[in-house]
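J.:
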Amino acid sequence: MRRFAWLIALFTLVCLFVPIAHTKAQEERLIRVGFDKSLPPLSYVDKNGEAVGFDIELIRSMDALHGYQIEYVPLEWEDAVIKLREGQLDVVVGMKYTSTRDTQFDFSDSYLTAADAFVIPQAMRDISAISDLRGKVVAIQRDDAGVSQLESIRGGKRLAAFSQTDALEMLFLDRADVFLGNRWTAEYMLERTGKGSDYRIRTGLIPPSDYAFAVREGNYELVNKLNAGLAQLHRNGVYEQLYSRYLEPYSALAIDWWRKLVYGLLIVMGIVIVVLTGSFLWNKRLQKAVRRQTAALADSFAFQTTVLNSVDNGILSFDQEGKITLINHAAQKWLGNMDKPEAASVMDCLPELPVRELLQMQDARVLEGELHLGDGTGRIVQYYLATLTNGAGQRTGGILCLQDRTEQKHLQARLIAQEKMRALGELVAGIAHEIRNPLTAIKTFAELLPRKLNDERFRAQLVEHVPEEVARMNRIIEDLLDYSREKPLQRKRENLLEIVQSVQGLFAKRLESERIETKLDPTLDVDVLVDRDRIKQVLINLLLNASEAMAQQSADKQLTFRVLPGEARAVCLAISDTGPGMSEQDRLHLFQPFFTTKSQGIGLGLYLSQKIMHDHGGEITVQSTEGAGTTFYLHFAKGETGDEHLDH
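Per the UniProt record's numbering, the sequence shown starts with residue 1, numbered consecutively.
(1) Just list the residues that DSSP pairs Y211 with in beta bridges.
(2) If we ignore side chains and look at the alpha-carbon of each, how far apart do A392 and L371 end up?
(3) Tell me whether E468 is buried or exposed, calling it buried when 16 or more other Cβ atoms sit within 10 Å of its Cβ.
(4) Using the Cα positions of N541 and Q394, report the straight-line distance between them to the nearest angstrom.
(5) List the DSSP bridge partners of S576.
(6) Let me confirm a value: M62 is counted as buried when at least 16 other C-beta atoms fall within 10 Å, else exposed. Which label applies?
(7) Out of L402, I380, A386, which has the shortest C-alpha to C-alpha gap to L411?
(8) What does the Cβ neighbour count give for D556, buried or exposed, with the cut at 16 atoms within 10 Å?
(9) What span of residues does the beta strand (DSSP E) with T621 cover, start to end?
(10) Answer yes or no: do L230 and Y97 have a C-beta to C-beta separation smaller than 8 Å?
(11) Between which residues of its own chain and A546 is the CB-CB distance below 6 Å, once the five residues before and five after are set aside?
(12) Look at F561 and L520 and say whether their C-beta atoms are less than 8 Å apart.
(13) With a CB to CB cut of under 6 Å and the five nearest residues on each side skipped, what residues in its chain are close to residue 649?
(14) Span of the beta strand (DSSP E) holding V223?
(15) Rounded to whole angstroms, what is the Cα-Cα separation between K611 and L439?
(16) Kindly list the residues whose CB is nearer than 6 Å to the CB of L448, restricted to its own chain and excluding five residues on each side of it in sequence; keep chain order.
(17) Go to K136, then tell me how far its beta strand (DSSP E) extends in each direction, as first and last residue.
(18) Would you call T444 buried or exposed, if buried means 16 or more other Cβ atoms sit within 10 Å of its Cβ?
(19) Determine which residues share a DSSP beta bridge with L75 and list them.
(20) Residues in the same chain with beta-carbon distance under 7 Å from V137, minus the five sequence neighbours each way, listed in chain order, please.
(21) If Y211 sits next to G94, beta carbons under 8 Å apart, how far is it from one beta carbon to the other, in whole angstroms?
(22) For P208 and L30, what's the separation of their Cα atoms in angstroms?
(23) Could you spell out where the alpha helix (DSSP H) holding R60 opens and where it closes?
(24) Is it true that the CB of L171 sits closer than 8 Å to the CB of F179?
(25) Return yes when the Cβ of I201 is within less than 8 Å of the Cβ of R183, no when it is not.
(26) From the DSSP output, which residues share a beta bridge with Y383?
(27) Considering S547, what are the terminal residues of the alpha helix (DSSP H) in which it resides?
(28) Just verifying my parser: in three-state terms, what is the DSSP assignment at V311?
(29) Three or more C-beta pairs closer than 8 Å, one from the region 100–107 and one from the region 115–126: is that the case here?
(30) Decide if A254 is buried, meaning its Cβ has at least 16 other Cβ atoms within 10 Å, or exposed.
(31) Can you give the beta carbon distance from E512 to A551, rounded, assuming they're within the 8 Å contact cut?
(32) Please classify D90: is it buried, with 16 or more other beta-carbons within 10 angstroms of its beta-carbon, or exposed?
(33) Since K333 sits in a beta bridge, which residues does DSSP pair it with?
(34) Whose C-alpha, out of I575, T621, M613, is nearest the C-alpha of L588?
(35) For V526, which residues from the same chain have a beta carbon less than 7 Å from its beta carbon, with the 5 sequence-adjacent residues on both sides left out?
(36) Which class does F172 belong to by DSSP, given the choice of helix, strand or coil?
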């Protein structure tokens, strides 16, 4: 009895399993194809409720899908994408390939490549770029790949619809300014609604996209079947037939060979005509270009000549042999108004210039300097010589610029003399007391002379002191004469301490009246190779500047002279004051001519002092901090045996 019970149970299980397995097998042979129900002529539902269109017919014509039950599911496009992602559909036709969608679905080979088009009213200005949609309302299908093209438009607005036909209806109802979508759908709707004359289609503004069949991620078997089916449709010509039927009004397959022949002949004739016409027009264009360039070169040369002749500086160019190739009026006047200046040599006209040296140099150089013209006018000319090269970098000659510096030099000399006389005036005022002291002593001896002429002790003091006072006055007067006298630089071995003491003596009364304490360091007792009078001029200028800098202080006025340790054959004299110091900006311009911080100054004192030190082969440097005083450093060579009487 128990055995029969087991048999009955087994039979029952078999009866239940067979229908389930059969149902599962049927489901595995079923392919659910989703499509956009409002995308004619690609995919749509006709009046009988049947799925039709180019995409649908491609699926139906595939032999690779024979044996499968195909279920066509009409949906809104957004719903079709969602259902495919959730696995409720196996295939969605007509999906544009994007990199984002490629991460969600697998795509078959592309069966159509097309770019979206814009539909705009005839009354609207034409669109030449996507940026022209700024401020416009664009009707577009929801979840369409073209939405990304509109995101970069500032001020643009999107009006999303469930289908492209609905988006076109929004355009027809003036709820949108522009429609963006499939070109064939737009042409289909404009023809069906009879609005083709009211709107125009603009293409070429958006890159084309690939249309393909999309399947669920990982369904490679179905993708392979779809690819095989597409390849078969291309081979047997069914694809071209469907394309001509749905997408193009005329089929390329229907054109007979006569029409092809006519078209071919027309194309050949057109090419020949275009080539001949292009050659003729190109020749005419070249002739015009040559005439235009010739006129432009003539105008440019005339303009350059006018500019060159308008400047006061003399400018000329010369070749590798020194022959003048270009010269302006100013240079011709300076060279004597030659009849044929282009045939002359610059080396013959101005032999003082280093033209030959410039032409012999290997690298590009610029030489400059001053020369005195030997034409009896006494003019001083600043010259600039530079090499000239062509576009290939080859040396072609040189260029010379002459600038008249005579008036500038004379004015500079007058200003220098004025600055020197100003310092001389202050110097005279400072030594008046020094002259008064010996005069007082001589006057006293002269007044006592009648009464004490017979006094032997008086006569001895008279003979001793009067010559000393006279010699003292003579030294002071000689110092004044040396300071004001112009003479060539003559360097001798001098004791630096004696020079500093001499200058200090000239200003002893002024320093005492202004309560400035002067400190002379023992290190000053060293010999230097200098022109005594010129160095005294430098020290006088620095001492006057230090005195004026400390004039506003009521206490702590110190002026220190010391020699810093340095190299064996070099001496560095440091002159420090306890004045207010100077700013970094003033320090940078301190030795430039005509730079001064004084209300009555000219600004040449330190410039001349630096020039004197340069003539000695040395220099002046300065270190200063605002509120902490200033130190000037004079660098020059020590005096050595055998170095005496060296002229500059």
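Just so you know, even glycine gets a beta-carbon here, dropped at the ideal spot from N, CA and C.
The model shown is predicted, which means the values in this text are computed figures rather than measured ones.
T.: Looking at the coordinates:
(1) One-based indexing of the sequence shown puts residue 211 at position 211. Answer by DSSP bridge pairing, in chain order: K96, L112.
(2) Within the sequence shown, residue 392 is the residue found at index 392, counting from 1. Within the sequence shown, residue 371 is the residue found at index 371, counting from 1. Going by the C-alpha atoms only, they are around 34 Å apart.
(3) Taking the sequence shown and counting its residues from 1, one reaches residue 468 at position 468. It is exposed - the Cβ of E468 has fewer than 16 other Cβ atoms within 10 Å.
(4) Here residue 541 refers to the residue found at position 541 of the sequence shown. Here residue 394 refers to the residue found at position 394 of the sequence shown. Near 52 Å, if we compare the C-alpha coordinates of Q394 and N541.
(5) Position 576 of the sequence shown holds residue 576. S576 is bridged to T560, T631.
(6) Stepping through the sequence shown from its first residue, residue 62 is reached at position 62. M62 comes out buried.
(7) Against the sequence shown, residue 411 aligns to sequence position 411. Per the Cα distances, I380.
(8) Residue mapping note: residue 556 aligns to position 556 of the sequence shown, counting from 1. Per the 10 Å Cβ criterion, exposed.
(9) Within the sequence shown, numbered from 1, the residue matching residue 621 stands at position 621. Where T621 is concerned, the enclosing beta strand (DSSP E) starts and stops at 619–624.
(10) Walking along the sequence shown from the start, residue 230 turns up at place 230. Walking along the sequence shown from the start, residue 97 turns up at place 97. No, the Cβ-Cβ distance between L230 and Y97 is not below 8 Å.
(11) By 1-based counting over the sequence shown, the position of residue 546 is 546. Its chain contains L559, D577 as the residues whose beta carbon lies nearer than 6 Å to that of A546, once the 5 sequence neighbours on both sides are disregarded; these appear in chain order.
(12) Taking the first residue of the sequence shown as position 1, residue 561 is located at position 561. Taking the first residue of the sequence shown as position 1, residue 520 is located at position 520. Judged by their CB atoms, F561 and L520 are nearer to each other than the 8 Å cut-off.
(13) There is no way to answer for residue 649, as the model of the chain reaches only from 1 to 648.
(14) In the sequence shown, residue 223 corresponds to position 223, counting from 1. Element bounds for V223: not the beta strand (DSSP E) but the alpha helix (DSSP H), 220–236.
(15) Here the question's residue 611 lines up with position 611 in the sequence shown. Here the question's residue 439 lines up with position 439 in the sequence shown. Spanning the two alpha carbons is a distance of roughly 38 Å.
(16) Numbered from 1 along the sequence shown, position 448 holds the residue referred to as residue 448. Counting only Cβ-Cβ distances below 6 Å, and skipping sequence neighbours, we find nothing.
(17) Against the sequence shown, residue 136 aligns to sequence position 136. Per DSSP, K136 lies in no beta strand (DSSP E) and is assigned neither H nor E.
(18) Numbered from 1 along the sequence shown, position 444 holds the residue referred to as residue 444. Counting Cβ neighbours within 10 Å, T444 comes out exposed, since fewer than 16 surround it.
(19) As a position in the sequence shown, residue 75 is number 75, starting the count at 1. BP columns for L75 point to D36.
(20) Position 137 of the sequence shown holds residue 137. These residues qualify, in order along the chain: K157, L159, A176, D177.
(21) Residue mapping note: residue 211 aligns to position 211 of the sequence shown, counting from 1. Residue mapping note: residue 94 aligns to position 94 of the sequence shown, counting from 1. Contact flag correct, Cβ pair sits at about 6 Å.
(22) The residue you call residue 208 lines up with position 208 of the sequence shown. The residue you call residue 30 lines up with position 30 of the sequence shown. Approximately 33 Å between the Cα atoms of the pair.
(23) Along the sequence shown, one-based indexing puts residue 60 at 60. Here the alpha helix (DSSP H) through R60 covers 54–60.
(24) By 1-based counting over the sequence shown, the position of residue 179 is 179. By 1-based counting over the sequence shown, the position of residue 171 is 171. Cβ atoms of F179 and L171: closer than 8 Å.
(25) As a first step, residue 183 is located in the sequence shown; it is residue number 183 there, counting from the start. As a first step, residue 201 is located in the sequence shown; it is residue number 201 there, counting from the start. For R183 and I201, yes; Cβs fall inside 8 Å.
(26) Here the question's residue 383 lines up with position 383 in the sequence shown. DSSP, once it has assigned bridges, lists G369, L402 as partnering Y383.
(27) Position 547 of the sequence shown, counted from the start, is the residue given in the question as residue 547. Note, S547: alpha helix (DSSP H), 532–549.
(28) As a position in the sequence shown, residue 311 is number 311, starting the count at 1. Correct three-state label for V311: coil.
(29) Verdict: no, contact absent.
(30) Taking the first residue of the sequence shown as 1, we reach residue 254 at position 254. The predicted position of A254 is uncertain, since its pLDDT is 36 and thus under 50; a value taken from the coordinates is nonetheless stated next. Per the 10 Å Cβ criterion, exposed.
(31) The residue you call residue 512 lines up with position 512 of the sequence shown. The residue you call residue 551 lines up with position 551 of the sequence shown. Actually they are not in contact, since the Cβ atoms of E512 and A551 sit about 14 Å apart, beyond 8 Å.
(32) Counting from one through the sequence shown, the residue named residue 90 turns up at place 90. The residue is buried, with at least 16 neighbouring Cβ atoms inside 10 Å.
(33) On the sequence shown, position 333 is the one that residue 333 refers to. Answer is none; K333 lacks a bridge partner.
(34) Counted from its first residue, the sequence shown places residue 588 at position 588. Measuring from the Cα of L588, the nearest candidate turns out to be T621.
(35) Within the sequence shown, residue 526 is the residue found at index 526, counting from 1. These residues qualify, in order along the chain: L496, V563, V571, K638.
(36) Counted from its first residue, the sequence shown places residue 172 at position 172. Looking at F172 - three-state DSSP - the assignment turns out to be helix.
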